[in-house]
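Structure record follows, encoded as structure tokens.
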């Protein structure tokens with residue numbers, strides 16, 4: 240793919256969207272700040288920097304204090320922060336596939352960046368350097384403008400889809416290497432290292448910390464400790480890679496030969512139903528439909544494999560599926576792993592809440608061409624959630640206790656809504 244051509248179309252789209260938003264909200268110009276560098280409390284150490292996602296969606300330039308000025312009828316201006324500094328290596332700045340999309344200027348201080356924005360009329364600022372923006376006379380983070388930008392960002396351009404696809408290529412290599420390390424009996428930490436090496440990246444370039452779970456740790460949804468020493472019978476790996484700021488988000492659950500055959504059958508069932516859920520993706524229906532169907536399908540597996548002894552109807556009516564599947568079926572994906580706007584009711588704002596009983600569903604929008612989101616059903620054996628039902632005869636407790644040492648299952652793909660259906664970005668490179 241020609242990134243230069245894709246980016247030119249992308250920046251034209253982003254500028255057109257911003258111009259429409261400015262007209263609708265009564266502003267003459269928009270200033271996007273890359274963000275300021277945080278410092279740990281009572282320390283001089285800095286956490287890894289991540290750009291303001293609204294800035295990053297316009298420009299892949301890394302680092303703090305840069306600014307983009309968008310004024311209708313003009314080429315966007317990038318004011319690059321280029322400090323005079325001998326403490327850190329500064330990557331040389333040179334023409335790249337995206338640089339022709341901007342008029343580019345430089346300033347060697349954060350204050351100088353704001354001074355170079357110039358006279359803009361009534362201008363809105365989006366970012367965290369509110370002191371600098373206020374001193375420059377900009378209107379700080381106007382909600383009506385930001386809501387429109389949040390909404391628009393859910394519709395990915397061809398450039399953004401290509402970035403996500405490139406990230407997935409690396410992510411698939413990492414997952415393959417990690418699975419091989421698991422089957423070789425290595426520890427959670429060694430599996431993490433195998434993923435990073437296979438993906439060809441460093442830890443600070445990951446879109447989120449890897450979730451590497453052997454056996455019972457798979458019942459912890461966001462487990463990061465990497466303490467298990469190896470020879471696991473099951474691996475749940477939730478790990479992604481970033482490319483030009485866009486991160487894939489992939490989960491696979493793998494069984495070693497020593498894994499209980501009944502749990503292996505459960506993994507196969509979740510993988511099958513996950514693909515069936517992906518097949519539901521198309522423009523028009525609500526994403527909520529996929530979430531509710533995930534519960535119905537998971538309920539059918541729980542009943543069909545004897546984990547629950549009641550009927551499917553009773554399983555759904557009594558909310559038993561939430562005991563085994565306590566999270567939402569997915570979320571928007573892009574510059575942010577949990578991309579914003581997933582519960583937004585309309586472009587102007589408002590909230591479309593999840594259905595009763597499903598508080599953790601992050602995406603409630605109608606699916607539109609250009610949306611990219613995850614589909615990630617799971618079945619887990621979490622004692623904290625099971626314990627209140629220990630007296631119920633609807634649960635097959637001997638079987639549950641037999642399967643619980645394996646923790647849980649999650650299968651996650653990244654899916655693009657197309658004009659006539661969907662494209663599974665993950666399975667193109669990681670089919671199983």
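In this note's numbering, the protein residues as written are 240 to 671.
Where a beta carbon is used, it is the ideal one built from N, C-alpha and C, also for glycine.
Being a predicted model, the structure only gives us computed values, none of them experimental.
{"Item": "Which residues does DSSP pair with residue 583 in a beta bridge?", "Value": "590"}
{"Item": "Between residue 346 and residue 354, what straight-line distance do the alpha-carbon atoms span, to the nearest angstrom?", "Value": "9 angstroms"}
{"Item": "How do the region 615-631 and the region 418-437 stand: do at least 3 beta-carbon pairs fall below 8 angstroms, yes or no?", "Value": "no"}
{"Item": "Considering only residues of the region 288-358, which uninterrupted beta strand (DSSP E) runs meet the minimum length of 3 residues and lie entirely inside it, listed in chain order?", "Value": "306-309, 316-320 and 342-346"}
{"Item": "Below 8 angstroms on the Cβ atoms is my guess for residue 406 versus residue 486; work out the distance and round it to an integer in Å.", "Value": "6 angstroms"}
{"Item": "Report the partner residues of residue 571 according to the DSSP bridge assignment.", "Value": "612"}
{"Item": "Just curious, the alpha helix (DSSP H) that residue 451 is in, first and last residue?", "Value": "Taken as a continuous stretch (DSSP letters only), residue 451 belongs to no alpha helix (DSSP H), being part of the beta strand (DSSP E) at 450-453."}
{"Item": "Roughly how many angstroms lie between the CA atoms of residue 392 and residue 296, to the nearest whole one?", "Value": "8 angstroms"}
{"Item": "Residue ranges of each alpha helix (DSSP H) run of no fewer than 4 residues wholly in the region 372-400, ordered along the chain?", "Value": "382-392"}
{"Item": "For residue 613, tell me which candidate among 636, 657 and 664 has the shortest Cα-Cα distance.", "Value": "664"}
{"Item": "Check whether the Cβ atoms of residue 309 and residue 254 lie closer than 8 angstroms to each other.", "Value": "yes"}
{"Item": "Of the choices 271, 645, 284 and 301, whose alpha-carbon is the least far from that of residue 497?", "Value": "645"}
{"Item": "Got a sec, what are the start and stop residues for the beta strand (DSSP E) residue 652 sits in?", "Value": "652-657"}
{"Item": "How about residue 386 and residue 587: are their beta carbons less than 8 angstroms apart?", "Value": "yes"}
{"Item": "Pick from 408, 275, 444 and 578: whose alpha carbon is nearest that of residue 370?", "Value": "275"}
{"Item": "Beta-carbon within less than 7 angstroms of residue 460's beta-carbon, same chain only, minus the 5 sequence neighbours each way: which residues are those?", "Value": "566"}
{"Item": "Flag this pair as yes or no: are the beta carbons of residue 488 and residue 602 separated by less than 8 angstroms?", "Value": "no"}
{"Item": "Specify the secondary structure class of residue 470 as computed by DSSP and reduced to three states.", "Value": "coil"}
{"Item": "Mind the definition here: the region 630-646 touches the region 575-590 only if three or more C-beta pairs lie below 8 angstroms; say whether that holds.", "Value": "no"}
{"Item": "What are the start and end residues of each continuous alpha helix (DSSP H) run of 4 or more residues lying completely inside the region 463-543, in chain order?", "Value": "500-517 and 526-543"}
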